[in-house]
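Structure record follows, encoded as structure tokens.
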Amino acid sequence: MNRPDDPLLSDAAALAWSERNQRWLSQRLAAWRQRIEEPGDAAVAPADDDADGFEPAALQVASLFGLSVFETELLVLAAGVEIDAALRDAVAAAQGTAPGQAVRLSFSLALAMLPQAHWDALSPSGPLREWSLVHVDSDAGFSRALLRIDERVLHHLTGVAAFDERLTGLAQFADAPSVAAPDDAVRAIAAALGAAGESVAMLASDAPQAEGRRASRALACAVFERLGLRTLCADVAAFASACNGDPREIARTARRLDREAALAGAGIALALPRDKAHAAAAQLVGALCSPLIVLGTLSAAELADLPAHRVLRFDVPRSAPPLRAGLPPATQAAAQRALQQFHVDAALLEQAFAHVAGIADAGAVEHALWNALRTAARGGLDTLAQRIDSRARFDDLVLPPFVLAQLREIASQLGQRRTVYDEWGFGARHSRGLGIAALFAGESGTGKTLAAEAIANELRLDLYRIDLANVVSKYIGETEKNLARVFDAAQASGAILLFDEADALFGKRSEVKDSHDRYANIEVAYLLQRIECYRGLAILTSNMKAALDRAFLRRIRFVVQFPFPDSAARGEIWRRAFPAAAPVHELDWAQLARLNLAGGNIRNIAVNAAFAAAARGTAIDLALVQGAARAEFAKLERAPGDAVGALRP
1 MNRPDDPLLS DAAALAWSER NQRWLSQRLA AWRQRIEEPG DAAVAPADDD
51 ADGFEPAALQ VASLFGLSVF ETELLVLAAG VEIDAALRDA VAAAQGTAPG
101 QAVRLSFSLA LAMLPQAHWD ALSPSGPLRE WSLVHVDSDA GFSRALLRID
151 ERVLHHLTGV AAFDERLTGL AQFADAPSVA APDDAVRAIA AALGAAGESV
201 AMLASDAPQA EGRRASRALA CAVFERLGLR TLCADVAAFA SACNGDPREI
251 ARTARRLDRE AALAGAGIAL ALPRDKAHAA AAQLVGALCS PLIVLGTLSA
301 AELADLPAHR VLRFDVPRSA PPLRAGLPPA TQAAAQRALQ QFHVDAALLE
351 QAFAHVAGIA DAGAVEHALW NALRTAARGG LDTLAQRIDS RARFDDLVLP
401 PFVLAQLREI ASQLGQRRTV YDEWGFGARH SRGLGIAALF AGESGTGKTL
451 AAEAIANELR LDLYRIDLAN VVSKYIGETE KNLARVFDAA QASGAILLFD
501 EADALFGKRS EVKDSHDRYA NIEVAYLLQR IECYRGLAIL TSNMKAALDR
551 AFLRRIRFVV QFPFPDSAAR GEIWRRAFPA AAPVHELDWA QLARLNLAGG
601 NIRNIAVNAA FAAAARGTAI DLALVQGAAR AEFAKLERAP GDAVGALRP
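This note's numbering numbers the first residue of the sequence shown as 1 and each following residue consecutively.
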């Protein structure tokens, strides 16, 4: 069936069909004009298509919506009143329409003039009104009702490509997807939709939101293309918002969406809200009768409200995007290494290739492509956690050799995951525990966060600090949902997660005495499961190791104890606290090492002394360091003792 907006038609074919459709419609309207002006002549024969298979738009509409001969001719005549001035004048004269008054086709004239007339053509359940093909003004009585063709239907009858403006912002036709869909999945879903009537395909994806939506939409577009249909994308949340949650308005808008899909020869891809159920979801799915693919999953309660539909569930396959042929060897090798760490779809991969196009040096290509994919894979993680600009290196850490060896081992294992899990088969035996969980324990300021930065910098990965204020919620179940979003986004990005002060989130489960204890324990149990299933590196820092739940110890591969720095370590930290460009005047690192402070406090003193020197316009001397040290001890509510006063130039 050809349509004015059929994408399968060539430009020449579409033009030829449009010209024939216009000629057919003009001839039809001319015949009705003559019949109205000369009532004694023979009746106009019912419309029919040509012998060569040409089907005008009016007969397409009749076939799509099940119109009778009378309803089809009524629709054609209502269109003629809008577009043919001579026919409009003839109708006005026949109806006795007053001069200057808008001309509308009366139902009484249609009953008198058109073939095979029947009174129930304007029944609310009849196709003309059910599909809003015409609008009825019955203020003067039903027999004298005035009819007006719907604008979208008028455009279709005249062969003009159009879109129902009342669906603007609620639905749109999808462009050709840039993400390739697996052919076996496309065949299976298309076969299921084509074989089962009143069926709905539901696509479930465990990918992060952006990647999952793109992959699901690409799969839906590929399925509809195989079925010879366009893809009309709609969103449940937008519909519910536009309809203010009114069930009647949702039903009317759903019917309008169905009509648009039918006129355009399309299937509907309906996106569900992510991470939450929506009251309008089941109602909208139940009201639609077009070929339908739901992007997301409905709950069991929502599925129970769809007894007339056969819901078919399919998982959206996740796989690394294929590398296109013709890539330079250096770019191909760099892409293969980067895709082992970062999960992106084909569209983001092509953007990364465009970013490195024109770079000749192999090392520069590898560096630029890695950074481009790292940025692309972040997805929505920046809105869920705080990204730390990692600048520290292992050489910047002042720690005992055995602690540094543990940190380097963590980095090494994270970098060799593909070899061990994929190539050597360790990942095939178990789906859990394939990531790395590490606990950094020690007093505040001993370098735990700095060590996490060094690992991230060594591996060229993003480091995200989880902000507990954005994660923990007083509402039941919300904390788990927030954590699920964080872990899902991090899974694709390959990022390192840093749970600072983790004892606040990973505390011990307690004896259940009331409902608060029960739900607090559920949160901890959920975290235990997600830590075990996470495939990246999750670092927990705590200065209260004893407060952590014992069940975490089995799931934590590395426990790194950060000791309080001894005198020699403090001296080295003091020396590194002042950059080479800073104007330092006769500071004795061995003397400063007598101050019993952790590295974080030492850095605070160095920075405060530097600001004081800059304000005075002098070098950073011992007196300024003494003043900053006293302030730091006061902040810690500790007595400085004789150590500060004993410092002498």
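Quick reminder that beta carbons are idealized off the backbone N, C-alpha and C, glycines included.
- Can residue 539 and residue 438 be called in contact, C-beta distance under 8 Å? On the sequence shown, position 539 is the one that residue 539 refers to. On the sequence shown, position 438 is the one that residue 438 refers to. Yes, the pair counts as a contact, with Cβ atoms nearer than the cut-off.
- Would you kindly work out how many angstroms separate the C-alpha atoms of residue 370 and residue 327, rounded to a whole number? As a first step, residue 370 must be located in the sequence shown, where it is residue number 370. As a first step, residue 327 must be located in the sequence shown, where it is residue number 327. Looking at the two C-alpha atoms, the distance is approximately 16 Å.
- Item | Three-pair Cβ contact test at 8 Å for the region 162-176 versus the region 248-266 | For the pair of segments examined, the region 162-176 was found to touch the region 248-266: the number of CB pairs separated by less than 8 Å reaches three.
- Item | Spatial neighbours of residue 561 in its chain, beta-carbon cut-off 7 Å, leaving aside the 5 residues before and after | Position 561 of the sequence shown, counted from the start, is the residue given in the question as residue 561. For residue 561, the CB contacts under 7 Å within the same chain, skipping 5 residues up- and downstream, are 441 and 442 in chain order.
- Message: With the cut-off set at 8 Å, would you say residue 608 and residue 577 are in Cβ contact?
- Response: Stepping through the sequence shown from its first residue, residue 608 is reached at position 608. Stepping through the sequence shown from its first residue, residue 577 is reached at position 577. Not closer than 8 Å, so no.
- Query: Near residue 612, what residues of its chain come up, given a Cβ to Cβ distance below 6 Å and the 5 sequence neighbours on each side ignored?
  - Reply: Here residue 612 is taken as the residue at index 612 of the sequence shown, counted from 1. So the qualifying residues of the chain are 624.
- Message: Distance check for residue 90 and residue 28, CA to CA, integer angstroms please.
- Response: Residue numbering aside, residue 28 sits at position 28 when the sequence shown is read from its first letter. Residue numbering aside, residue 90 sits at position 90 when the sequence shown is read from its first letter. Residue 28 and residue 90 have their C-alpha atoms spaced approximately 15 Å apart.
- Query: In its own chain, which residues sit with a C-beta less than 6 Å from the C-beta of residue 567, not counting the 5 before and 5 after it?
  - Reply: Mapped onto the sequence shown, residue 567 falls at position 567. In its chain, beyond the 5 residues on either side, 593 have a beta carbon closer than 6 Å to the beta carbon of residue 567.
- Please confirm if the region 104-111 is in contact with the region 139-156, defined as three or more CB-CB distances below 8 Å between the two stretches. They touch, by the three-pair rule.
- Query: Looking only at its own chain, which residues have a Cβ that is under 7 Å from the Cβ of residue 289, when we skip the five neighbours before and after it?
  - Reply: In the sequence shown, the residue the question calls residue 289 occupies position 289. The beta carbon of residue 289 sits closer than 7 Å to those of 258, all from its chain and outside the five residues before and after it, given in chain order.
- Strand pairing of residue 26, partner residues [DSSP]: If you number the sequence shown from 1, residue 26 lands on position 26. Answer by DSSP bridge pairing: none, since residue 26 is not bridged.
- Under 8 Å between the Cβ atoms of residue 204 and residue 134? As a position in the sequence shown, residue 204 is number 204, starting the count at 1. As a position in the sequence shown, residue 134 is number 134, starting the count at 1. Judged by their CB atoms, residue 204 and residue 134 are not nearer to each other than the 8 Å cut-off.
- Task: Take residue 379 as the anchor and find which of 491, 76, 340 and 233 has the nearest alpha-carbon.
- Result: Along the sequence shown, read from residue 1 onward, the residue named residue 379 stands at position 379. If we check each option's Cα against that of residue 379, 491 comes out closest.
- Query: Can you tell me whether DSSP reads residue 286 as helix, strand or coil?
  - Reply: Along the sequence shown, one-based indexing puts residue 286 at 286. Of the three classes helix, strand and coil, the one that applies to residue 286 here is helix, per DSSP.
- Under 7 Å Cβ to Cβ from residue 85, same chain only, skipping five residues before and after it: list those, please. By one-based count along the sequence shown, residue 85 stands at place 85. So the list is empty, once near-sequence residues are dropped.
- Just mark residue 391 as buried or exposed, buried being the case when its beta carbon has 16 or more other beta carbons within 10 Å. What you label residue 391 is simply residue 391 of the sequence shown in a count that begins at 1. Taking a 10 Å sphere around the C-beta of residue 391, we find fewer than 16 other C-beta atoms and assign the residue as exposed.
- Exposed unless 16 or more other CB atoms sit within 10 angstroms - verdict on residue 73: Residue numbering aside, residue 73 sits at position 73 when the sequence shown is read from its first letter. In the assembly as shown, residue 73 is a buried residue. Its beta-carbon has 16 or more other beta-carbons within 10 Å.
- Message: Mapping the DSSP letters down to three states, classify residue 36 as helix, strand or coil.
- Response: Within the sequence shown, residue 36 is the residue found at index 36, counting from 1. Helix, per DSSP.
- Message: Any heavy atom of the ligand COA closer than 7 Å to the beta-carbon of residue 309?
- Response: The ligand COA is absent from the structure shown, which contains no ligands of any kind.
- With 16 other CB atoms within 10 Å as the buried threshold, where does residue 422 fall? Position 422 of the sequence shown, counting from 1, holds the residue named residue 422. In the assembly as shown, residue 422 is an exposed residue. Its beta-carbon has fewer than 16 other beta-carbons within 10 Å.
- State the start and end residues of the unbroken beta strand (DSSP E) segment that holds residue 535. Taking the sequence shown and counting its residues from 1, one reaches residue 535 at position 535. In the DSSP assignment, residue 535 falls outside any beta strand (DSSP E) and carries neither an H nor an E.
- Query: Pick from 25, 300, 122 and 251: whose alpha carbon is nearest that of residue 76?
  - Reply: As a working note, residue 76 is residue 76 in the sequence shown. Checking every option, the nearest Cα to that of residue 76 belongs to 25.
- Query: The alpha helix (DSSP H) spanning residue 342 covers which residue range?
  - Reply: Along the sequence shown, read from residue 1 onward, the residue named residue 342 stands at position 342. Element bounds for residue 342: n/a, residue is neither H nor E.
- Query: Which residues bound the beta strand (DSSP E) around residue 202?
  - Reply: Looking up residue 202 in the sequence shown gives position 202. For residue 202, the enclosing beta strand (DSSP E) stretches over residues 199-204.
- Is residue 561 helix, strand or coil by DSSP? If you number the sequence shown from 1, residue 561 lands on position 561. Judged by DSSP in its simplified three-state form, residue 561 adopts strand.
- Is the region 93-102 close to the region 59-66, with three or more CB pairs under 8 Å? Judged by Cβ distances under 8 Å, the region 93-102 makes no contact with the region 59-66, as fewer than three pairs qualify.
- Message: Using DSSP's beta-bridge definition, name the partner residues of residue 231.
- Response: Position 231 of the sequence shown, counted from the start, is the residue given in the question as residue 231. Answer is 267.
- Message: For a test of the three-state rule: what should DSSP assign to residue 596, helix, strand or coil?
- Response: As a first step, residue 596 must be located in the sequence shown, where it is residue number 596. Collapsing the DSSP output to three states places residue 596 in coil.
- Best match in 358, 37, 478 and 483 for proximity to residue 466 [C-alpha to C-alpha]: To locate residue 466, count along the sequence shown from 1; it is residue 466. Measuring from the Cα of residue 466, the nearest candidate turns out to be 483.
- Item | Three-state secondary structure assigned by DSSP to residue 386 | By 1-based counting over the sequence shown, the position of residue 386 is 386. When DSSP states are grouped into helix, strand and coil, residue 386 belongs to the strand group.
- Query: If residue 455 sits next to residue 410, beta carbons under 8 Å apart, how far is it from one beta carbon to the other, in whole angstroms?
  - Reply: Taking the sequence shown and counting its residues from 1, the one referred to as residue 455 is at position 455. Taking the sequence shown and counting its residues from 1, the one referred to as residue 410 is at position 410. So it is a contact: roughly 6 Å between Cβ atoms.
- Item | Reduced DSSP secondary structure (H/G/I, E/B, other) of residue 142 | As a first step, residue 142 is located in the sequence shown; it is residue number 142 there, counting from the start. Assignment of residue 142 by DSSP, reduced to helix, strand and coil, places it in the helix class.
- Message: If I measure Cβ to Cβ from residue 359 and keep anything under 7 Å in the same chain, skipping five residues before and after, which residues do I get?
- Response: Working through the sequence shown from its first residue, we reach residue 359 at position 359. These residues qualify, in order along the chain: 365 and 368.
- Task: Find the nearest neighbour of residue 374 within the set 397, 396, 403 and 339, judged by alpha-carbon distance.
- Result: On the sequence shown, residue 374 is found 374 positions in, with the first residue counted as 1. Closest in C-alpha terms to residue 374, from the list 397, 396, 403 and 339, comes 339.
- Query: By Cβ distance below 6 Å, which residues in the same chain neighbour residue 516 in space, the five residues on each side in sequence not counted?
  - Reply: The count along the sequence shown starts at 1 and reaches residue 516 at position 516. Per-residue confidence for residue 516 stands at a pLDDT of 47, beneath the threshold of 50, marking its modelled position as unreliable; the derived number appears in the next sentence. No residues qualify anywhere along the chain.
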